[in-house]
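Visitor: In full-length UniProt numbering, the protein residues as written are 1 to 392.
We treat Cβ as the ideally placed atom computed from N, Cα and C, and that holds for glycine.
If you scroll down you'll find the structure; I have some questions about it.
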Ligand SMILES: Nc1ncnc2c1ncn2[C@@H]1O[C@H](COP(=O)(O)OP(=O)(O)OP(=O)(O)O)[C@@H](O)[C@H]1O
Ligand SMILES: [Mg+2]
């Protein structure tokens, strides 16, 4: 039998945003699993019952537990990716391909990240759902990239996140800029980064992949935290989470040593590594493997003791690896040019004991930001050619 071209009744119901919108407007609209009197009587006739949404009459009490539909963003179908004209490819990362595109309607320039769904056999991946959710929640902050919309291609595995196009990522910029950032610039960037991370943590979101390539910078000196591909909501109590997070160079010692429960402190450690990288232009701990990574940390910060980090000796990998290192830290010696409060901030971000590590919120109000040289106004940042926009 040839396939009918007309959509099924269910499809028509779900595909029509106006119908769904009408249900939102309807004051007494509440969908129930219980059959309504209309459907009950229909089943007694010889004809199959017409498929209709089931609305309860006003007298039936609405569930107090289920959130109102009106409290959620309006349900509407996604636009097509053909609403945009592709300009150039920016980057292919682990979870998606990113390209620059122009919106046909407004002429605005955006970055479209295509989710990698080709290999998916079990439906839409949870990681992509988390990325979109985290971007929508955290994107309200001015230093988080945010999401404009989700668009879809011709096939089910073509799904794109549309974000504002940002001229630089900090990794590419650090590689191509002729001089390292000035202290006043580092301060501005750190204040923005800490404010964005504090916002994520305040909204129960762990980023879990903070690194310079995931930090975008506008030509007007504004940081935008991007790539929420590993982000997730955390709760209280935390519960066990995967240890396979955070790019090696930015991974905290508790994760490297196998801690199964971890906190917002994992993001704070990454911010400490980024702070050092902004000052020196090179990654602070560019390990070649997990053991080398721990070795580099211990070498610079000294081997931790149980006193310094209660619970350290009981971490799953502490005994197995038994990493060596000097009994003292040489962080101060490495960053002699930093003021005492600058050093205090760096050392507080890179504290071994996650419980003692400073929070992003407290760090964003550190006295380092109130002393001379003062943070440079973002408008006064020099603009650089954007590699992502194909500028030389
Ligand atoms: N909104 C944007 N504007 C401009 N460039 C962007 C934007 N979003 C991402 N990029 C560029 O694309 C790169 C990859 O994006 P993203 O980090 O989101 O993807 P990913 O696949 O998760 O990457 P990876 O696994 O390498 O971290 C970024 O490092 C940045 O250079
Ligand atoms: Mg990335």
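Can you tell me which residues form a DSSP beta bridge with residue 232?
Guide: Within the chain shown, the letter at position 232 stands for residue 232. The partner list for residue 232 (beta bridge, DSSP) reads 206.
Visitor: Give the single residue among 143, 88, 139, 157 whose Cα lies nearest to the Cα of residue 394.
Guide: Since the first residue of the chain shown is 1 and the last is 392, residue 394 is not available in this structure.
Visitor: For residue 167, which of helix, strand or coil comes out of DSSP?
Guide: Taking the first residue of the chain shown as 1, we reach residue 167 at position 167. Three-state result, residue 167: coil.
Visitor: Work out the CA separation of residue 213 and residue 171 for me, nearest whole Å.
Guide: Position 171 of the chain shown, counted from the start, is the residue given in the question as residue 171. Position 213 of the chain shown, counted from the start, is the residue given in the question as residue 213. The straight-line gap from Cα to Cα measures roughly 5 Å.
Visitor: What residues are listed by DSSP as bridge partners for residue 85?
Guide: By one-based count along the chain shown, residue 85 stands at place 85. According to DSSP, which records beta bridges pairwise, residue 85 is partnered with 102.
Visitor: Rounded to a whole number of angstroms, what is the C-alpha to C-alpha distance between residue 192 and residue 142?
Guide: Taking the chain shown and counting its residues from 1, the one referred to as residue 192 is at position 192. Taking the chain shown and counting its residues from 1, the one referred to as residue 142 is at position 142. Cα to Cα, residue 192 sits roughly 9 Å from residue 142.
Visitor: Less than 7 Å between the C-beta atoms of residue 360 and residue 201, yes or no?
Guide: Here residue 360 refers to the residue found at position 360 of the chain shown. Here residue 201 refers to the residue found at position 201 of the chain shown. Yes, the Cβ-Cβ distance between residue 360 and residue 201 is below 7 Å.
Visitor: Out of 113, 226, 119, point me to the one whose CA is closest to residue 150's CA.
Guide: Within the chain shown, the letter at position 150 stands for residue 150. Minimum Cα distance to residue 150 is reached at 113.
Visitor: Where residue 381 and residue 137 are concerned, what is the direct C-alpha to C-alpha distance, given to the nearest angstrom?
Guide: As a working note, residue 381 is residue 381 in the chain shown. As a working note, residue 137 is residue 137 in the chain shown. Rounded to whole angstroms, residue 381 to residue 137 spans 28 Å at the Cα level.
Visitor: On the DSSP bridge assignment, give the partners of residue 91 in chain order.
Guide: Locating residue 91 in the chain shown gives position 91, counting from the first residue. In DSSP, residue 91 forms a bridge with 98.
Visitor: Could you name the residues that DSSP lists as bridge partners for residue 151?
Guide: Along the chain shown, one-based indexing puts residue 151 at 151. Residue 151 pairs with 79, 160.
Visitor: At which residues does the beta strand (DSSP E) containing residue 111 begin and terminate?
Guide: As a position in the chain shown, residue 111 is number 111, starting the count at 1. That run of the beta strand (DSSP E) goes 109–115.
Visitor: Would you call the region 285–304 and the region 231–243 in contact, with 3 or more CB pairs under 8 Å?
Guide: With a cut-off of 8 Å, the region 231–243 and the region 285–304 do not count as touching, because too few Cβ pairs lie within range.
Visitor: Using only CA atoms, which one of 99, 199, 78 lies nearest to residue 154?
Guide: Looking up residue 154 in the chain shown gives position 154. Of the candidates 99, 199, 78, the one whose C-alpha sits nearest the C-alpha of residue 154 is 78.
Visitor: What are the boundary residues of the alpha helix (DSSP H) that includes residue 324?
Guide: Along the chain shown, read from residue 1 onward, the residue named residue 324 stands at position 324. Premise fails: residue 324 is in no alpha helix (DSSP H) and is neither H nor E.
Visitor: If I measure Cβ to Cβ from residue 374 and keep anything under 6 Å in the same chain, skipping five residues before and after, which residues do I get?
Guide: Here residue 374 corresponds to residue number 374 of the chain shown, with the count starting at 1. Nothing meets the Cβ criterion.
Visitor: Using only CA atoms, which one of 286, 207, 184 lies nearest to residue 369?
Guide: The count along the chain shown starts at 1 and reaches residue 369 at position 369. Looking at the Cα atoms, 184 is the closest of the given residues.
Visitor: Is residue 225 helix, strand or coil when you go by DSSP?
Guide: Your numbering for residue 225 matches position 225 in the chain shown. If DSSP states are grouped into helix, strand and coil, residue 225 belongs with the strands.
Visitor: In this structure, what does DSSP give as the bridge partners for residue 144?
Guide: Working through the chain shown from its first residue, we reach residue 144 at position 144. DSSP lists 225 as partners of residue 144.
Visitor: Applying the criterion that 16 or more other CB atoms from any shown protein chain within 10 Å of the CB defines a buried residue, is residue 319 buried or exposed?
Guide: As a position in the chain shown, residue 319 is number 319, starting the count at 1. That one is exposed.
Visitor: Nearest CA to the CA of residue 107: which residue from 129, 97, 83, 130?
Guide: Here residue 107 refers to the residue found at position 107 of the chain shown. Ranking 129, 97, 83, 130 by Cα distance to residue 107 puts 83 first.
Visitor: Please determine whether the Cβ atom of residue 126 lies at a distance below 6 Å from any heavy atom of ligand 1.
Guide: Residue 126 sits at position 126 when you count from the first residue of the chain shown. For ligand 1, not one heavy atom lies less than 6 Å from the Cβ of residue 126.
Visitor: Could you tell me if residue 383 is buried or exposed, where buried requires 16 or more neighbouring beta carbons within 10 angstroms of its beta carbon?
Guide: Taking the first residue of the chain shown as position 1, residue 383 is located at position 383. The residue is exposed, with fewer than 16 neighbouring Cβ atoms inside 10 Å.
Visitor: Excluding the five sequence neighbours on either side, which residues of its own chain have a C-beta within less than 7 Å of the C-beta of residue 367, listed in chain order?
Guide: As a first step, residue 367 must be located in the chain shown, where it is residue number 367. Result list for residue 367: 341, in chain order.
Visitor: Output the distance between the C-alpha atoms of residue 283 and residue 250, rounded to the nearest integer angstrom.
Guide: Against the chain shown, residue 283 aligns to sequence position 283. Against the chain shown, residue 250 aligns to sequence position 250. Going by the C-alpha atoms only, they are around 9 Å apart.
Visitor: Using the three-state DSSP reduction, which class does residue 349 fall into: helix, strand or coil?
Guide: Translated into the one-based positions of the chain shown, residue 349 becomes position 349. Reduced to three states, the DSSP call for residue 349 is helix.
Visitor: Thinking just about the alpha-carbon of each residue, which of 80, 224, 189, 243 is nearest to the one in residue 317?
Guide: Stepping through the chain shown from its first residue, residue 317 is reached at position 317. Out of 80, 224, 189, 243, 243 has the C-alpha closest to the C-alpha of residue 317.
Visitor: What did DSSP end up calling residue 257 once you bin it into helix, strand or coil?
Guide: For the purposes of this step, residue 257 is taken as the residue at position 257 of the chain shown. The answer is coil: DSSP assigns residue 257 none of H, G, I, E or B.
Visitor: Grab me the residues of residue 337's own chain with a C-beta within less than 6 Å of its C-beta, minus the 5 sequence neighbours each way, in chain order.
Guide: Translated into the one-based positions of the chain shown, residue 337 becomes position 337. Taken in chain order, the list of residues that qualify is empty.
Visitor: Less than 6 Å between C-beta atoms, sequence neighbours within five positions excluded: which residues of the same chain meet that for residue 345?
Guide: One-based indexing of the chain shown puts residue 345 at position 345. Same-chain partners within the cutoff: 366, 368.
Visitor: Is the beta carbon of residue 134 closer than 7 Å to that of residue 223?
Guide: Translated into the one-based positions of the chain shown, residue 223 becomes position 223. Translated into the one-based positions of the chain shown, residue 134 becomes position 134. Contact flag unset, no.
Visitor: Please say whether residue 209 and residue 194 have beta carbons closer to each other than 7 Å?
Guide: Locating residue 194 in the chain shown gives position 194, counting from the first residue. Locating residue 209 in the chain shown gives position 209, counting from the first residue. No; because the gap between Cβ atoms is not below 7 Å, this pair is not in contact.
Visitor: For residue 21, which residues of its own chain have a beta-carbon under 6 Å away from its beta-carbon, when the five flanking residues on both sides are left out?
Guide: In the chain shown, residue 21 corresponds to position 21, counting from 1. Because residue 21 carries a pLDDT of 30, less than 50, the predicted location of this residue cannot be relied on, and the following value inherits that uncertainty. Closer than 6 Å at Cβ, skipping near neighbours: no residue.
Visitor: Which residues in the same chain have their Cβ closer than 6 Å to the Cβ of residue 328, if we skip the five residues on either side of it in sequence?
Guide: Working through the chain shown from its first residue, we reach residue 328 at position 328. If we look at residue 328 and ignore the five residues flanking it on each side, its Cβ neighbours are 302.
Visitor: Note down the Cα distance separating residue 364 from residue 269, rounded to an integer number of angstroms.
Guide: Locating residue 364 in the chain shown gives position 364, where the first residue counts as 1. Locating residue 269 in the chain shown gives position 269, where the first residue counts as 1. Cα to Cα, residue 364 sits roughly 14 Å from residue 269.
Visitor: Which residues in the same chain as residue 188 place their Cβ atom closer than 7 Å to its Cβ, once the five residues preceding and following it in sequence are excluded?
Guide: Mapped onto the chain shown, residue 188 falls at position 188. So the qualifying residues of the chain are 221, 375, 376, 378.
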